Structures are given as C-alpha cells and as structure tokens.
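K.L.:
Numbering (the working numbering), first residue to last: 139 to 568.
(1) I need the straight-line Cα distance from residue 516 to residue 547, nearest angstrom please.
(2) If residue 460 sits next to residue 380, beta carbons under 8 Å apart, how far is it from one beta carbon to the other, in whole angstroms?
(3) Is it a yes or a no for the stretch 361-371 touching the stretch 389-406, going by three-plus beta-carbon pairs under 8 Å?
(4) I need the straight-line Cα distance from residue 277 to residue 286, nearest angstrom please.
(5) Using a 10 Å radius around the Cβ and a threshold of 16 neighbouring Cβ atoms, would you call residue 180 buried or exposed?
(6) Any beta carbon from chain B within less than 8 Å of residue 289's own beta carbon?
(7) Applying the criterion that 16 or more other CB atoms from any shown protein chain within 10 Å of the CB defines a buried residue, is residue 344 buried or exposed?
(8) Since residue 465 contacts residue 491 with CB under 8 Å, what's their CB separation in whole angstroms?
(9) From 441, 332, 521 and 549, pick the residue whose C-alpha is nearest to that of residue 282; which is it?
(10) So residue 299 packs on residue 340, CB below 8 Å; how close in whole Å?
(11) Does the separation of the CB atoms of residue 196 and residue 301 fall below 8 Å?
(12) Which residue wins for smallest C-alpha separation from residue 247, given the options 239, 151 and 257?
(13) Touch check for the stretch 439-452 and the stretch 496-511: three-plus C-beta pairs under 8 Å?
(14) In whole angstroms, what is the alpha-carbon distance linking residue 295 and residue 186?
(15) Determine the direct distance from the alpha carbon of residue 469 to that of residue 430, and round the result to whole angstroms.
(16) Tell me the DSSP secondary structure of residue 532 in three-state form.
(17) Once DSSP output is grouped into helix, strand and coil, what is the label at residue 285?
(18) On the CB-based measure, 16 or more other CB atoms within 10 Å of its CB, does residue 293 come out buried or exposed?
(19) State buried or exposed for residue 557, treating a residue as buried only when at least 16 other CB atoms are found within 10 Å of its CB.
(20) Look at the alpha carbon of residue 532 and the alpha carbon of residue 255, and state the distance between them as a whole number of angstroms.
(21) Using CA atoms only, rank isn't needed, just tell me which of 206, 519 and 528 is closest to residue 346.
(22) Have a look at 407, 408, 525 and 355 and flag the residue whose alpha-carbon is nearest the alpha-carbon of residue 170.
(23) When you compare only the Cα positions, how much space is there between residue 160 and residue 440?
(24) In chain order, what residues of the same chain lie with their CB nearer than 6 Å to the CB of residue 143, ignoring the 5 residues before and after it?
(25) Taking the alpha-carbon positions, what's the residue 552 to residue 251 distance?
(26) Helix, strand or coil, according to DSSP, for residue 190 in the structure here?
(27) Does residue 242 come out as helix, strand or coil in the three-state DSSP assignment?
(28) From the DSSP secondary-structure annotation, give me the bridge partner or partners of residue 143.
(29) So, helix, strand or coil for residue 255, using DSSP?
(30) So residue 280 packs on residue 269, CB below 8 Å; how close in whole Å?
(31) Can you tell me which residues form a DSSP beta bridge with residue 517?
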C-alpha cells in the first residue's frame, strides 16, 4: 500500500506512476491465446475437448457433458431458498427496468432539400455471453450481460462457462433461468470465446461476445474483435473512493476491500484531505481483511496496488486526480457529491453520497456493472442495450431532391477522381 501526500515534492511523479501502471496481460498470454484460437478454428470440437480436459479436468463426451439443459436451470431456480430467490429476482427486475429505458428510437424525417433521411435500430441475431467459473463465478454478471441483450431483442443467447471437475454453480444456473438464456455450454477460457466467434461442429457462431473473464479471456476478445463484436477489454477491478473525515472509517475500508477481494491485481484507492482519517481507514482495512474468507486475494491486492492519497483541498484537487485515473468505480462519500460529480468527466460509474456503496451497484441498483477499466472510461462506457444493437441509416431522393443536392455531390466525386461516382448522379440529373 502506498501513502501519497499532494504537498510532497515527488507527488506528481508518484501519482503518475499509479495512473500509468498496467495490470493486464503480457506478451506470453497473447501468444498462448493466439495458439488456442487457431486450434479451435482449425479443429473445432476436438480442440474444445482437449482444452476442457486440460484446463478444467472435465471431459466432454455425452450431451450432458457439453450442455446444461433448460430444465436444470429451472430446477436450480426452484431449489433456491426463498430469500435468495427473491433477491435474485429483485436484481433481475431492476436491471431489466433500467435497461428498458435505454432502447433507442429510430428517426425518419424529410429535410429542406426534399430528401427523406433516417435510421433504424435492430438487434444482432445472436449474442455470446462469457460467464466465469472458479474464483469469479458470479450470477450477477450473467444477469448484467444477458438481460440487456434480451431487452435489445436478441433472439439467441448463448452462454459459455467453465465447470471445473464438472461442478455446476446452481446460482448461475438460476440466473440463466431468470434471464431466459437459450444455450449453456460447459466450456470456458480462450477456447470458449473462440467457439463463440468461429463456431464449431456443435456450436453455431454468434455476432457479439460480452462478459468478464481472466487475462486469457480478455486477450481472446481483443484478438477476435472484427470477427465478432465485443463489449470491451476488461481488466482488473478498480475503485476510487473520495471521502472526507466525516465518514465512518470502517465503511470506507469495506468499500475499498470490496474491489480488492476480486483479484490480486485489483486496485483500490482512497483520496481524502485528512491524514489521520486515511490512517484510520488503513488500520480498519488490516482488521477487516483478516476476517475475510477472501483475505489472501484482498491482502495481495491492497499491499501491491492499494493507495491512500492525502490532498490539501479535496474539492479542488480530487476531481483532477479522478479524471487522470478514469477509474471503473468512483465513490463520492462527501457533502455536495452531486456538485463534484459534474466535474468528474471520466468514470465508469459514480456512486453519490455516503450511503451509496459500490456493492449496491454490483447487484440491485439497475445500471450495468460491466464497466471500462484500465483508464478506458476516458473513451468508453459501461455495457448497455446498445452493445447488442446496430443502427442502419436510410436515404430516399425523389427527382427534385436529387436535383437540389446532386450537382454538389457530382462535383465532389470529380474532385476525388471518381468519375463513375459522378456519372451515376449526373445521368439521373439529365
């Protein structure tokens, strides 16, 4: 854990080092993934069988070994304890309601030149959703990926998820039932992503792939962009908490640990204007971390990538630092959170006020928790209905409309040295 003070001579250099720190895949991962993708493309199902045995100790032999049935998902949902089933259903309902408001509207109008112009929105035909297994097997991620796709109108939803040693996560299956997933394949890793993109003898390819995963999954999505659409390249989790000394240090410590427990290379940062409060939060992190079942991961993350940053003027300095970090999650545990939020231009999602922990956004708030990491919030947004849709524009000219704009188009075509373009217009003008 680093302690930085904005008044120190080396602060700008030390902070810049945090901003530029890359916690993502290296060249070895890239080469390994390229090999896996080539194998799946060339060998199809046979490659999936080999990689699933190798990485998950699971043999793909019978249909039940390959796929999880809709009936199994329904049974998993029915078998949940009432309170847990209600919580999962509440999350699904709120996510669905929020994303329904994102549906775009088409446009259709006639301009002053007499041209009819517009655009229509349509869903992709099929979407592939990666759902992690092992340490990061989260039903909330399935809901956050599948529900926007359904709201967009995608007809075929396909999940790939690893089942190490054949073990199934019943809560993930219950989420798949709620989200009305069509197919669930028991494969994961880069080879699962490749199967979605290229297709195999058993698996029909999709148009868009979304969902979080480890470094190999993220690298596979990067390499396959263009073969299919992808949501984003997801890196390790991040949280920036901007908090004053009016907060309970236990609350802020828990917020920072909520991301540290995700991954040994997750990053949690506190910006405050009170050194004593920062030290209290650091102490509470030590205490709370020792009591977590995820303490090994959280401890490694906090020790290696965590930071306490003390500034002289929170209102003046924090927004500038937040915009440089462009973090995945930004909590504003201060008075006047709304005012500061207007000055933070780069963030995946902002959590306003002392009673809005980031974790509520992970589950039941409604907005998507699949968010840009690695400073990509400077140019990217969180997952939405639009990731599963595409826009098609249309144009209609009658003779009068073409007469109004055609001569200018023809002149531009000649200027670009494209006479056939010009002629296709000029013949009609005659």
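We treat Cβ as the ideally placed atom computed from N, Cα and C, and that holds for glycine.
Please read all numbers here as calculations on a predicted model, not as lab measurements.
P.N.:
On the basis of the supplied data:
(1) 36 Å
(2) 7 Å
(3) Verdict: no, contact absent.
(4) For residue 277 and residue 286, the distance between alpha carbons rounds to 15 Å.
(5) exposed
(6) In summary, chain B is missing from the structure at hand, where a single protein chain is found.
(7) buried
(8) At roughly 18 Å, the Cβ-Cβ gap does not stay under 8 Å, so residue 465 and residue 491 are not in contact.
(9) 521
(10) With 8 Å as the limit, residue 299 and residue 340 do not qualify as a contact, their Cβ atoms being about 15 Å apart.
(11) yes
(12) 257
(13) no
(14) 20 Å
(15) 22 Å
(16) strand
(17) helix
(18) Flag for residue 293 reads exposed.
(19) exposed
(20) 6 Å
(21) 528
(22) 355
(23) 16 Å
(24) 448
(25) 22 Å
(26) Reduced to three states, the DSSP call for residue 190 is helix.
(27) coil
(28) 448
(29) strand
(30) 5 Å
(31) Bridge partners of residue 517: none, in fact.
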